[in-house]
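Chains as they are written, first to last, in full-length UniProt numbering: chain F, 1 to 298; chain C, 1 to 146. Think of the CB as a built atom: it goes at the ideal place given N, C-alpha and C, for glycine as much as any other residue. One structure below.
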C-alpha cells in the first residue's frame, strides 16, 4: 500500500475515503470485531468476526469507488446483504428492538472515524472535514441497508407464514362415500375463500362427491363479504354437480345475518355439522338405524 | 345526552389485515363492556362492513372507538373516517342492494340495522365519516326516532 505523503493535497473526498478504507481494511475489521454487533453474532472465533468485518469494509470501498455513497441500492452492498441479514436476524433473536439494532450499527462509526482522523492528521482541516462527512454518509447508508434487510426479512417471514396458514387451514374431509366436508376456521377473506373454493372443487372431482358441507362453526364473523364468498363457492360446486350445505350457523350469527339483510335463500343451511351430514345421508338414500340392543341379552 | 369517556383506541384501516384487527378489537371492547353474545356479534359484523367500506371505497382511513355512557347505560361508539371521494347520494347508498363496487350492496344499510344509533357525514370530495353506537342493554335506552 502506498503511504500518504505528509501534507500532500487530497483527492475528492469520496476517493480519499475509498483509499482509506482499502488501506485500513485490516484495522477497521479488527476494531469492529470487538463491537457488540460482530462480537455477539460471530461467536465461533474472533477471526470469523474479522473476516465478516473485512467483507463489509470491502463493500463500502466498492460503493465509494462507484461514487454512490448515498445509494442503498449500490451494487457494492449486494455482496454483504445476506451477511447483514444474518447478523440482523441473530440480533433480533437475541431480543433486540429495531432501535437497539440501529444503535449497534451506529457504534460502528466512531472506530472508523478515529482511524480516519489519525490517518489524515497532516491534511488540511477542510479536506479532513469533507472526508469525515463522506465517511459518515457512507456508514449511514450501510445502516439503512442493514435495517432494510432486517425488516424485509421480517416481512418475508410473515408472508411465508400467511401462505402456510392458507394451506393448513383448509382440509377437506371425506365423511362418507360421496360426502365431503370443509371445516372453515378463522377469517374468510378473499385469498382464503379462493383457496377454500379450489380445494373443495378438487375434492368434489376426486371423491366423486355429490354433497359438500361447508362448516362455519369456526368463523367468528359472517359479514356480507363472507356470505358472498360462501354463495360463490356454493354456486361453483353446484355447477360441478355437487350440492352444498352450509352448517355451523350459531344463533348469534343467524340473527346477525337476518338484520344485515343477507338473503341466503339459495343456500341450504343446517345448524350443526351432524344435521348437515344427516341431511346428506338421507338424500343419498342411506339410512342410519340404531343397532338392536340385543348384543348383551341375545 | 351522552357523556363520552374519550377516544380509547385509534386503529388504522389500511389493509385486509387491519380489518382482522378492527374486528378483534371491537369484539374485546364489547365483551369488556358487558355486551351479550348476540349484540357483540352484531356490532362486530357492522364494524367489519364499515371498516371494509372505509378500505375499499374510502381508500383507507381509521376507526376510533370510545366508551360512552348515557343514562347509566354503557355503550360503545365506533367512528370510521376516510378522506376518500365521499358518497354522492346518501339515500341510495343506504338502500339495500345498491353497490358502487362488486359487493352485495348490503354493507351500509345492513350495518345500520345492526346497531342502535347510526349517522353518516359525507360530501363529494370531502371524505366520509360513519358513527355507530350500540348500548349494552338496548330496551332500557331511549332510542329516539327508532
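- Residue 17 of chain C counts as exposed, since fewer than 16 other C-beta atoms from the protein chains shown sit within 10 angstroms of its C-beta.
- Around the beta carbon of residue 256 of chain F, a 10 Å sphere encloses 16 or more other beta carbons of the protein chains shown; the residue is thus reported as buried.
- For residue 10 of chain F, the three-state secondary structure derived from DSSP is coil.
- Counting along the chain, the unbroken alpha helix (DSSP H) around residue 98 of chain F starts and ends at 98-106.
- DSSP places residue 16 of chain F in the helix class (H, G or I) of the three-state scheme.
- Taking residue 54 of chain C as reference, the option from C:81, C:45 and C:44 with the minimal CA-CA separation is C:81.
- By the Cβ test, the stretch 111-130 of chain C is in contact with the stretch 39-50 of chain C, since at least three Cβ pairs between them sit closer than 8 Å.
- With a contact defined as Cβ atoms closer than 8 Å, residue 61 of chain F and residue 21 of chain F qualify at about 4 Å.
- Note: residue 211 of chain F is bridge-paired with F:179 and F:243 in the DSSP secondary-structure output.
- Contact note: residue 83 of chain F does not reach chain C at a C-beta cutoff of 7 Å; the least C-beta distance is about 31 Å.
- At least one C-beta of chain F is nearer than 7 Å to the C-beta of residue 48 of chain C.
- About 13 Å separates the beta carbon of residue 67 of chain C from that of residue 43 of chain C, a gap too long to meet the 8 Å contact definition.
- Any Cβ of chain C closer than 7 Å to the Cβ of residue 34 of chain F would place that residue at the interface, and such an atom is absent.
- Among the residues facing chain C, residue 255 of chain F is included, as its CB has a counterpart in that chain under 7 Å away.
- Interface with chain C (7 Å Cβ-Cβ cutoff): residue 177 of chain F is excluded.
- Looking from the CA of residue 14 of chain F, the closest CA among F:127, F:83 and F:281 belongs to F:127.
- Contact annotation: the stretch 44-52 of chain F does not touch the stretch 125-143 of chain F, with fewer than three C-beta pairs closer than 8 Å.
- Not flagged as an interface residue toward chain F: residue 14 of chain C, since no C-beta distance is shorter than 7 Å.
- At a beta-carbon threshold of 8 Å, the residues of chain F lying near residue 45 of chain C are 221, 222, 223, 256 and 260, ordered along the chain.
- Shown here, residue 59 of chain F sits in a helix according to DSSP, grouped into three states.
- In the three-state reduction of the DSSP assignment, residue 8 of chain C falls in the strand class.
- Residue 273 of chain F and residue 89 of chain C have their alpha carbons spaced roughly 43 Å apart.
- Take the alpha-carbon of residue 163 of chain F and the one of residue 199 of chain F: they are about 15 Å apart.
- Following the DSSP letters along the chain, one finds residue 188 of chain F in no alpha helix (DSSP H), marked with neither H nor E.
- If you look at residue 74 of chain C, you'll find it isn't in any alpha helix (DSSP H); it sits in the beta strand (DSSP E) that goes 73-82.
- Distances from the CA of residue 240 of chain F to each of F:254, F:204 and F:152 were compared; the closest alpha carbon is that of F:204.
- Nearest Cα to residue 182 of chain F within the set F:143, F:136 and F:230: F:230.
- When DSSP assignments are scanned along the stretch 18-99 of chain C, the uninterrupted stretches of alpha helix (DSSP H) that are 4 or more residues long and fall wholly within it turn out to be 37-56 and 90-94.
- For residue 117 of chain C, the enclosing beta strand (DSSP E) stretches over residues 117-122.
- Per DSSP, residue 132 of chain C is one residue of the beta strand (DSSP E) stretching across 128-135.
- In this structure the stretch 32-43 of chain F does not lie against the stretch 153-161 of chain F, because fewer than three pairs of beta carbons, one per stretch, are closer than 8 Å.
- Rounded to whole angstroms, the gap between the alpha carbons of residue 85 of chain F and residue 134 of chain F is 25 Å.
- Among the residues of chain F, those whose CB is under 8 Å from the CB of residue 113 of chain C are 259, 260 and 261, following chain order.
- Within the same chain, and ignoring the five residues on either side of residue 111 of chain F in sequence, the residues whose Cβ sits closer than 8 Å to its Cβ are 28, 31, 32 and 35.
- Residue 37 of chain C belongs to the set of residues whose beta carbon lies under 7 Å from a beta carbon in chain F.
- The beta carbon of residue 10 of chain F sits closer than 6 Å to the beta carbons of 16, 123 and 127 from its chain, once the five residues preceding and following it are set aside; these are given in chain order.
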